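*Asks:* Here it is, the structure in full.
Residue numbers (the UniProt record's numbering), protein chains in the order written: chain A, 1 to 361; chain B, 1 to 346.
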């Protein structure tokens, strides 16, 4: 009992070939689009490389780029097959290639689905990576004279200004870190000495933030220092002041930005998956219909197209048997035939789980 | 005396018509590009409209947009004409259309060139507009509670951060203006009272700048206040400090940005102007070559094509005479009556 059998007259076969040719070129464009999307996301992630601790999230754009390139190639092959499909002398040479093609194309669809899932699943890892990266950035903010860290200040300043955020979770992170370098501290001054003695590690901590935390929307000139002291500034209330600094933390801001980026690409990737699946199904129909027509006495007559020659269960059983035979062929010792059969069964079961629709022959 | 006479055998005419058809479609795309460039420039100018005092410079993008649209029409007709050119039956219907067509096309092509020249010439006007606009912006920086001016602070802050500049000419412009609103000044404090008494207008002037002047590239945390006082900050020298705040003035920064934009656009429009000019010249040659064929039974004879039948001066007079007659119409009538009256008098 064939799966999803359909009748194809000569005219219908011609139309199917033409339509599939157009569809495969559309799929090539989609592949290029996926590649460009991957490149774009990669560039955006690399731009903020300094505040990320690990590169686990890069698996999303890497996969997108690989799949994009592979699908350009696969769909180009599909268009060549369509061109040859209505010529009975040139079609048979594509037989073996089509076997491989179906496997590759299905793998590409699965990978695209995996990318969509990963882009949601890796949010936690991204947040962790940003948390550690930002913490380091804030800690090394003052080290503008240490090689390897001298750009942290500029990086964090530009980040806070561009994403309109302050600190890791919020602006209070700056209170816990010495962000003013010792080179600019007057150690003879009483105020500096008091502050340094006031904590165990001898750090110069203050309730102030860098200028890059200032919010331009505030109606008053920015208050950076003595933030917790309501009396230090005229007409200032620490608890109720909202507009003076950016209230959002940079980790939140960056996570929102990257999640937004990857989510907005979700619908595009899903539609590309749909197009690719339709290319695969149409190619299968075309292959079976043309082979059926070639087997007929009158090549211009009507033939049948299907997705699977037998039902799904029977096709699986077929594969299992084939694999068994393959393994048995390798076995020389008849005594270990049972062990070999067991091994063959286990291997067949493993293959069943990863089985793709096989081509009929 | 004919201007630029050239011989056109039949094959050359055919090649000219085909080449011109291709060229006119390229020129159509170029016309659309000109329109897009005009829109781009207009958008960029409007984004910073709050720091510009007048909109004189908008004439450049406006002209570009008009010319772009006009050239779409011009090149569309050019392609239609050269399609019909080799068909002796269909070409004559364009006869009356061509003279005004060339006049209008030349006018718009010259306008394109004028737009390029203007984009260089408007530099002074743009600079004075920016100067006045920025001066107002800095003056009204503190007025975040005055309707109509409440966004000046935000605009100036974002401008200084984006263009990496400070003040009008440089950061010292902030020393001459009270940029801290009276709402946030404690008038009972001695320091405030001293500062206000120290100048005639009773303004609170400081030798400090807003936070948006701070340069992130500086190795030390930003020093905004008491900039001229070396002893106020440890390890600080006012004269030699370069990286602390942006040294460039916003007028210069914006001017460089817009002139760079207009120069790039000007270069592109200049090449489009050359393309458009070549389309018109080729069309003129094709027209005159085909007109010479008209009437002959054998359409494959060699003909002559030219740009102008008479010299440049005579052709110009030919076009301008109707206009002049229209303008001098009253004078001619008066001359006529005075001539009639004069012989009658004696």
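Backbone N, C-alpha and C define an ideal beta-carbon position, used for all residues, glycine too. Only a predicted model underlies this, so the values are computations on that prediction, with no experimental measurement involved.
On the three-state DSSP scale, how would you describe residue 38 of chain B?
*Replies:* Note: residue 38 of chain B maps to helix in three-state DSSP.
*Asks:* Measuring straight from C-alpha to C-alpha, what distance separates residue 235 of chain B and residue 232 of chain A?
*Replies:* For residue 235 of chain B and residue 232 of chain A, the distance between alpha carbons rounds to 25 angstroms.
*Asks:* Can you round the beta-carbon distance between residue 303 of chain A and residue 293 of chain A to whole angstroms, since I take them to be within the 8 angstroms contact cut?
*Replies:* 4 angstroms between Cβ atoms; contact.
*Asks:* So, with DSSP's three-state summary, where would you put residue 33 of chain B?
*Replies:* Helix.
*Asks:* Going by the CB atoms, is the gap between residue 37 of chain B and residue 64 of chain B shorter than 7 angstroms?
*Replies:* Cβ atoms of residue 64 of chain B and residue 37 of chain B: closer than 7 angstroms.
*Asks:* What are the start and end residues of the beta strand (DSSP E) that includes residue 303 of chain A?
*Replies:* Counting along the chain, the beta strand (DSSP E) containing residue 303 of chain A begins and ends at 303-305.
*Asks:* Does any CB atom of chain A fall closer than 7 angstroms to the CB of residue 139 of chain B?
*Replies:* Chain A, which has no Cβ nearer than 7 angstroms to the Cβ of residue 139 of chain B, makes this no.
*Asks:* State the DSSP-derived secondary structure class of residue 339 of chain A, mapped to helix, strand or coil.
*Replies:* Low confidence applies here, because residue 339 of chain A scores a pLDDT of 48, under 50, leaving its location unreliable and the question unanswered by this model.
*Asks:* Which residue wins for smallest C-alpha separation from residue 62 of chain B, given the options B:136, B:130, B:102, B:115?
*Replies:* Closest option to residue 62 of chain B, Cα to Cα, is B:115.
*Asks:* Going by DSSP, name the residue or residues bridged to residue 308 of chain B.
*Replies:* Its beta-bridge partners are B:3.
*Asks:* Of all the options A:151, A:275, A:262, A:6, which has the alpha carbon lying nearest to the alpha carbon of residue 120 of chain A?
*Replies:* If we check each option's Cα against that of residue 120 of chain A, A:262 comes out closest.
*Asks:* By Cβ distance, which residues of its chain are closer than 7 angstroms to residue 172 of chain A, with the 5 residues on each side in sequence left out?
*Replies:* Result list for residue 172 of chain A: empty, nothing under 7 angstroms.
*Asks:* Judging by CA-CA distance, which residue of B:129, B:281, B:138 is the nearest neighbour of residue 49 of chain B?
*Replies:* The candidate whose alpha carbon is nearest that of residue 49 of chain B is B:129.
*Asks:* Mind checking which residues open and close the beta strand (DSSP E) that includes residue 7 of chain A?
*Replies:* Where residue 7 of chain A is concerned, the enclosing beta strand (DSSP E) stretches over 6-8.
*Asks:* Please list the residues of the stretch 8-22 of chain B that have a C-beta atom closer than 7 angstroms to any C-beta atom in chain A, keeping them in chain order.
*Replies:* Of all residues in the stretch 8-22 of chain B, none has a Cβ within less than 7 angstroms of some Cβ in chain A.
*Asks:* Step through the CB atoms of chain B and report whether any lies within less than 7 angstroms of the CB of residue 144 of chain A.
*Replies:* True, the Cβ-Cβ gap to chain B drops below 7 angstroms.
*Asks:* Here's a check: name, in chain order, each residue in its chain whose Cβ is nearer than 7 angstroms to the Cβ of residue 245 of chain A, leaving out the five neighbours to either side.
*Replies:* Hits under 7 angstroms: 166, 171, 209, 213, 214, 215.
*Asks:* Would you mind working out which of A:305, A:327, A:287 sits nearest residue 101 of chain A, comparing C-alpha positions?
*Replies:* Among A:305, A:327, A:287, the Cα nearest to that of residue 101 of chain A belongs to A:287.
*Asks:* Have a look at A:218, A:11, A:186 and flag the residue whose alpha-carbon is nearest the alpha-carbon of residue 86 of chain A.
*Replies:* The shortest C-alpha separation from residue 86 of chain A is found at A:11.
*Asks:* Buried or exposed: which applies to residue 265 of chain A, given that a residue is buried once 16 or more other Cβ atoms fall within 10 Å of its Cβ?
*Replies:* That one is buried.
*Asks:* Hey, quick one: how far does the alpha helix (DSSP H) through residue 72 of chain B stretch, first residue to last?
*Replies:* From DSSP, the alpha helix (DSSP H) with residue 72 of chain B extends over 59-85.
*Asks:* If you follow the alpha helix (DSSP H) that residue 109 of chain B is in, where does it begin and where does it stop?
*Replies:* Unbroken alpha helix (DSSP H) run through residue 109 of chain B: 95-121.
*Asks:* Compute the Euclidean distance between the alpha carbons of residue 276 of chain B and residue 94 of chain B, then round it to the nearest angstrom.
*Replies:* Their backbone Cα atoms lie some 20 angstroms apart in a straight line.
*Asks:* So, with DSSP's three-state summary, where would you put residue 82 of chain A?
*Replies:* Residue 82 of chain A: helix per DSSP, three-state reduction.
*Asks:* For residue 354 of chain A and residue 327 of chain A, I'd like the C-alpha separation in whole angstroms.
*Replies:* A caution first: residue 354 of chain A carries a pLDDT of 48, below 50, which makes its placement in the model unreliable, though a value can still be read off. Each residue's alpha carbon lies about 18 angstroms from the other.
*Asks:* How would you call residue 349 of chain B, buried or exposed, if buried means at least 16 neighbouring beta carbons within 10 angstroms?
*Replies:* This structure cannot settle anything about residue 349 of chain B, because the visible part of chain B is limited to 1 through 346.
*Asks:* Taking the continuous alpha helix (DSSP H) assigned at residue 289 of chain B, which residues delimit it?
*Replies:* Where residue 289 of chain B is concerned, the enclosing alpha helix (DSSP H) stretches over 250-293.
*Asks:* Does the separation of the CB atoms of residue 108 of chain A and residue 70 of chain A fall below 7 angstroms?
*Replies:* Cβ distance < 7 angstroms, so residue 108 of chain A and residue 70 of chain A count as in contact.
*Asks:* Just to make sure I have the definition right: I need the residues of chain B whose C-beta is within less than 8 angstroms of the C-beta of residue 154 of chain A. Which are they?
*Replies:* Those are 216, 217, listed as they occur along chain B.
*Asks:* Is it true that the CB of residue 20 of chain B sits closer than 7 angstroms to the CB of residue 282 of chain B?
*Replies:* Cβ atoms of residue 282 of chain B and residue 20 of chain B: closer than 7 angstroms.
*Asks:* Are the C-beta of residue 221 of chain A and some C-beta of chain B separated by less than 7 angstroms?
*Replies:* Yes - at least one Cβ of chain B is within 7 angstroms of the one on residue 221 of chain A.
*Asks:* Taking all protein chains shown into account, decide if residue 337 of chain A is buried (16 or more other Cβ within 10 angstroms of its Cβ) or exposed.
*Replies:* Any answer about residue 337 of chain A is weak, because its pLDDT of 49 lies below 50 and its placement is not dependable; what the coordinates show is given next. Residue 337 of chain A is exposed by the Cβ-count criterion.
*Asks:* Does the count of Cβ pairs from the stretch 69-88 of chain B and the stretch 22-29 of chain B closer than 8 angstroms reach three?
*Replies:* The stretch 69-88 of chain B vs the stretch 22-29 of chain B: in contact.
*Asks:* Name the chain B residues that come within less than 7 angstroms of residue 214 of chain A, Cβ to Cβ?
*Replies:* The contacting residues are 211.
*Asks:* Anything in chain A within Cβ reach of residue 144 of chain B, meaning under 8 angstroms, just list it in chain order.
*Replies:* Chain A residues near residue 144 of chain B: 219, 220.
*Asks:* Helix, strand or coil, according to DSSP, for residue 3 of chain A in the structure here?
*Replies:* Strand at residue 3 of chain A.
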